[in-house]
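Mapping of the sequence shown onto numbering that gives the first Met the number 0: residues 0 to 251, in sequence order. Here's the structure, in structure tokens; my notes come after.
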Amino acid sequence: MRGDDIHVIDCGNGVARQLVSAGLRLRDLKSVLVTHHHVDHNADLGALLHLAWTAGLVTPVDVYGPPPLTEMLELIRAVGRPDIEHRESLGRPKLSGLMRGHEIASPGVVVSTPDMTITAGTALHPPMPSLAYRIDADGSSVVVSGDTAPSEQITELATGADVLVHEVYSPEHLGRLLSGTNADVDELRRHFARAHTDAESAGRIAKEAGVRTLVLWHLIPYDLTEDDWIRQAARHFDGEIIVAHDLMRIPC
Numbered sequence: 000m001r002g003d004d005i006h007v008i009d010c011g012n013g014v015a016r017q018l019v020s021a022g023l024r025l026r027d028l029k030s031v032l033v034t035h036h037h038v039d040h041n042a043d044l045g046a047l048l049h050l051a052w053t054a055g056l057v058t059p060v061d062v063y064g065p066p067p068l069t070e071m072l073e074l075i076r077a078v079g080r081p082d083i084e085h086r087e088s089l090g091r092p093k094l095s096g097l098m099r100g101h102e103i104a105s106p107g108v109v110v111s112t113p114d115m116t117i118t119a120g121t122a123l124h125p126p127m128p129s130l131a132y133r134i135d136a137d138g139s140s141v142v143v144s145g146d147t148a149p150s151e152q153i154t155e156l157a158t159g160a161d162v163l164v165h166e167v168y169s170p171e172h173l174g175r176l177l178s179g180t181n182a183d184v185d186e187l188r189r190h191f192a193r194a195h196t197d198a199e200s201a202g203r204i205a206k207e208a209g210v211r212t213l214v215l216w217h218l219i220p221y222d223l224t225e226d227d228w229i230r231q232a233a234r235h236f237d238g239e240i241i242v243a244h245d246l247m248r249i250p251c
């Protein structure tokens, strides 16, 4: 967030509840940046926008993301039509006028104001089109990788940033996630290798980009200790390493 304005990157399950748990007001939502359209990243996009509106939102929210974002926003309004029409009849501003979609087809600056610049970068998460984001504001910069394989594009986007928030998985512990499932274990391992970043490689990317702080998120599997994650990332990166958890506040 910046001042009272809330800028959200990705909308997994429960994001509105967690924002309120963090002491924030949903009506202060200003923008949503979606990295890609897997359900753990967009499940509550509609819920967040709709609940912010019912909580008193009166100013537009800019929603950024890869296609088919425009179609998704239309479907969100269609699904919520009974409630939306009722609340609009009671005087709420029209929700359609507050949801401003911006499909991002290629990397580049998506927001440029005197106070803040947001740049979209290419992430590698086949088969989904996927984005990373860099936010520069108030003399600080944060990069969020989204889901991605190790990528020169992410390194370039993060160069000189203060904080890199990078997804990670642990190849040596991946069996914990897959045991007891009916999944094709070999195929899942191949998927992780081509579409996600192991913690050691995330440390290497942080070092090459010259960031001050590496934040590990989207942890797979989720039940490793912080020491396990830090040990892997620290093989190449000697800066500050933080293992993310819900409601954590990270200074820039």
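C-beta atoms are modelled at their ideal positions from N, C-alpha and C, and glycine is treated no differently.
Grouping DSSP H, G and I as helix and E and B as strand, with all else coil, what is residue i?
i       : result
Lys-285 : Residue 285 falls outside the range modelled here, since the chain spans only 0 to 251, and no answer is possible.
His-244 : coil
Ile-229 : helix
Val-57  : coil
Ala-131 : strand
Ala-136 : strand
Leu-44  : helix
Asp-185 : helix
Arg-193 : helix
Considering residue i, what are the terminal residues of the alpha helix (DSSP H) in which it resides?
i       : result
Pro-81  : 80–88
Ala-122 : That residue, Ala-122, is in no alpha helix (DSSP H); its beta strand (DSSP E) goes 115–124.
Val-210 : Val-210 -> no alpha helix (DSSP H), and no H or E assigned at all.
Ser-20  : 14–20
Glu-166 : First-last for Glu-166: 162–168, but that is the beta strand (DSSP E), not the alpha helix (DSSP H).
Check the Cβ-Cβ distances between residue i and every residue of chain D, and say whether any is below 8 angstroms.
i       : result
Pro-126 : The displayed structure is made up of one protein chain only, and chain D is not part of it.
Would you mind sorting residue i into buried or exposed? The rule is 16 or more other CB atoms within 10 Å of its CB.
i       : result
Leu-246 : exposed
Pro-38  : According to the sequence displayed, residue 38 carries Val and not Pro. Result: exposed.
Arg-133 : buried
Ala-77  : exposed
Leu-215 : buried
His-217 : buried
Asp-197 : buried
Ala-104 : exposed
Stretch pair the region 143–155 + the region 77–91: three plus CB contacts closer than 8 angstroms: The region 143–155 is not in contact with the region 77–91.
If you pair each beta-carbon of the region 51–64 with each one of the region 88–108, do three or more pairs fall below 8 angstroms? yes
Quick check: the region 233–249 against the region 186–196, are there 3 or more CB pairs under 8 angstroms? no
Whether or not the region 123–137 and the region 152–163 are in contact is what I'm after, with contact meaning three or more pairs of Cβ atoms, one per stretch, closer than 8 angstroms; do they touch? yes
Meets three-Cβ-pair contact criterion under 8 angstroms: the region 106–126 and the region 7–17: no
Would you call the region 44–51 and the region 67–77 touching, i.e. three or more CB-CB distances under 8 angstroms? yes
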